[in-house]
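> Quick one: the structure is below, questions incoming.
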Amino acid sequence: MNQKYIISLGSNQGNSLAILRQAAATLEAAEGLHIEKKSAIYETLPWGKTDQPVFLNAVMEISWEGPADALMALLLSVEKEFGRTRDVHWGPRTLDLDLIYSDGIQSDTPFLHLPHPYFWERPFVLVPMADVCPDFMYQGTSILSRIWTLHGEKEVKRTAYGWEGEE
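Just so it is clear: in the sequence shown, position 151 is 477 by the working numbering, and no numbers are missing.
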C-alpha cells in the first residue's frame, strides 16, 4: 500500500534551480516513489546560520511503497549523489531533502524524526507546503493560520521558475 509523504527540497550552492529540477527527476525515477504534487519554487532567506546565500525551496507530496526509514535512506542517497556534505550545521548545501510529514506515521529514532521536528517553525517549508496541501492541519491549527502567525509570507518569495517541462 502506498503512503503519502511531504518532502521538502532546498539548495543554495551551485545552480540551485537545475539541482532542484534534477533532484525531482531523480526522485520520480526511483522505484516505488511517485510525485503527486509539486509546489512552486520559492526564494528564501537562510534559516539558523544566516551568513550564506539565499535558498531555492520547494515541497512535494509523494506516494511511497516502502517503509518511512527506507524513504529517508533514499533521500539521503540522492543528497549525496548531488554532492551534499554535512560539514556545517544549517550551513550551505547543494541539495537538502527532508522528510517532513506523513499522516499517521511518527518516528523518533536517531535516523528518522517524523514529523520533522522543526517544520512547523519554518516558513520556507510551510509556504510551499500550503501549495500542495492548503487544508493541512497540525495540532489543531491550519497551515495558513500558522504561516500568518509566523509572518512567513514576508520571508518566502514565490519565483517564476517552473519545474522541468512546466515552464
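Positions of the beta carbon are idealized from the N, C-alpha and C atoms, including for glycine.
The structure presented is a predicted model; accordingly, all values stated were derived computationally and were not measured.
Give the single residue among L421, A396, H477 whose Cα lies nearest to the Cα of Q329.
Comparing Cα-Cα distances from Q329 to each of L421, A396, H477, the minimum goes to A396.
> DSSP puts T467 in a beta bridge; with which residues?
Y464, per the DSSP bridge assignment.
> How would you call K406, buried or exposed, if buried means at least 16 neighbouring beta carbons within 10 angstroms?
exposed
> Does the stretch 377-397 come close enough to the stretch 330-349 to have 3 or more Cβ pairs within less than 8 Å?
yes
> From the DSSP secondary-structure annotation, give me the bridge partner or partners of R484.
The partner list for R484 (beta bridge, DSSP) reads Y368.
> Rounded to whole angstroms, what is the Cα-Cα separation between T370 and E481?
6 Å
> Using the Cα positions of A351 and E490, report the straight-line distance between them to the nearest angstrom.
8 Å
> In angstroms, rounded to a whole number, what distance separates the CA positions of R419 and L402?
13 Å
> Pick helix, strand or coil for V451, following the three-state DSSP scheme.
helix
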